[in-house]
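**Q**
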Amino acid sequence: MISRPDPTVLEQYRLECTAPLRRMDGRGPGAAWLVEEGDGPYVLRRLAPGTSPERARFATAVQRWLYDDGALAPRLLGTASGAPYATAHDGLYTLSSYVPGTAASDRRATVGRCEILGRCLGSVHRSLAR
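Take the sequence shown: its position 74, counted from the start at 1, is 73 in numbering that gives the first Met the number 0, and no numbers get skipped.
Set out below in structure tokens:
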């Protein structure tokens with residue numbers, strides 16, 4: 000597990016981090032940090048180790064398309080050069096808008112929470128079906 004992102008990543012997004020980055024709890028193979036700078040907050044996410052550039056381009060294209068179509072997805076930001084992800088010696092990174100809340104895995108399942116999750120999933124499916 001890495002504790003901090005490669006400093007060159009923030010430079011690629013032209014973010015000057017004066018505030019400390021806060022590591023977000025992640026259960027996947029990647030890592031994520033809350034970045035409170037500029038028009039943020041943002042989430043800087045290191046993609047899973049071994050993610051290929053092709054896979055990263057596909058995943059970021061789908062996320063952008065979902066956001067543009069109105070699905071419940073965070074807005075993805077490109078690097079200063081317009082790339083959909085940043086590259087560093089330790090992997091690939093994305094930067095997206097921060098959506099407050101807690102991960103579904105951090106809460107007990109209730110009927111109400113399942114309904115909310117179902118609506119979210121439904122919006123993604125409707126967008127992808129177009």
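Even for Gly, the Cβ is constructed at its ideal location relative to N, Cα and C.
Residue 167 lies in the alpha helix (DSSP H); which residues open and close that run?
**A** The structure shown does not extend to residue 167, since the chain is modelled only from 0 through 129, so no value can be given for it.
**Q** Tell me the rounded alpha-carbon separation between residue 95 and residue 66.
**A** Cα to Cα, the separation comes out at about 11 angstroms.
**Q** Along the chain, where does the alpha helix (DSSP H) that runs through residue 37 open and close?
**A** Segment: none, residue 37 is in no alpha helix (DSSP H) and carries neither H nor E.
**Q** Going along the chain, which residues of its own chain have a beta-carbon closer than 6 angstroms to the beta-carbon of residue 76, five neighbours each way excluded?
**A** These residues qualify, in order along the chain: 94.
**Q** Taking only the alpha-carbon atoms, compute the straight-line gap between residue 31 and residue 3 and give it to the nearest angstrom.
**A** When rounded, the distance between both Cα atoms is 9 angstroms.
**Q** Roughly how many angstroms separate the alpha carbons of residue 7 and residue 34, rounded to a whole number?
**A** Going by the C-alpha atoms only, they are around 14 angstroms apart.
**Q** My assumption, with CB atoms under 8 angstroms, is that residue 50 sits in contact with residue 83. Please give the rounded CB distance.
**A** That pair is no contact at about 12 angstroms.
**Q** From this set, 16, 41, 9, 90, which residue's C-alpha is nearest residue 23's C-alpha?
**A** Measuring from the Cα of residue 23, the nearest candidate turns out to be 41.
**Q** Are there any heavy atoms of the ligand MN lying less than 6 angstroms away from the beta-carbon of residue 124, as far as the coordinates show?
**A** No copy of the ligand MN appears in this structure; indeed no ligand is present at all.
**Q** Using only CA atoms, which one of 61, 48, 115 lies nearest to residue 127?
**A** For the residues 61, 48, 115, the minimum Cα distance to residue 127 belongs to 61.
**Q** Output needed for residue 119: all residues of its chain with C-beta closer than 6 angstroms, excluding positions within five of it in sequence on either side, in chain order.
**A** Within the same chain, residue 119 has close Cβ partners 71.
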